[in-house]
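Have a look at the structure below, then the notes.
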Amino acid sequence: MNVKQEMETALQTAFDPTVLEVVNESHKHAGHAGDDGSGESHFAVKIRATAFEGMNRVQQHRAVHKALGDIVPRIHALALDIGT
1 MNVKQEMETA
11 LQTAFDPTVL
21 EVVNESHKHA
31 GHAGDDGSGE
41 SHFAVKIRAT
51 AFEGMNRVQQ
61 HRAVHKALGD
71 IVPRIHALAL
81 DIGT
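Position 21 (the sequence shown) corresponds to 21 in the numbering used here; numbering is contiguous.
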């Protein structure tokens, strides 16, 4: 399973989102800092779930990072677009 698939599985399991888009943007950063050559270093996530209701932005980001667990240290960049 690749990193994108791992992220999708973890986020689906944790939040049962109504919208989940995980985009591998590593190709945009080839040769830049953090590019390890794996093609799996930079990701953007758009997620919408009722689980985020009542959470402020920091709490939402922490919840996503917690759900992703050991995936986060293996990537260089993670852009998050979170909502309900």
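Built from N, CA and C at the ideal position, the CB exists for glycine as well.
Less than 8 Å between C-beta atoms, sequence neighbours within five positions excluded: which residues of the same chain meet that for Gly69?
So the list reads Ala10, once near-sequence residues are dropped.
Output needed for Ala49: all residues of its chain with C-beta closer than 6 Å, excluding positions within five of it in sequence on either side, in chain order.
Cβ within range, chain order: Phe15 and Pro17.
If distances are taken between C-alpha atoms only, which option among Asp81, His76 and Ile82 comes closest to Val3?
Looking at the Cα atoms, His76 is the closest of the given residues.
For Met1, count the other beta carbons within 10 Å of its own beta carbon; 16 or more makes it buried, fewer makes it exposed. Which is it?
The residue is exposed, with fewer than 16 neighbouring Cβ atoms inside 10 Å.
Measure the alpha-carbon distance for Thr13 versus Lys28 and round it to whole angstroms.
Roughly 28 Å separates the two Cα atoms.
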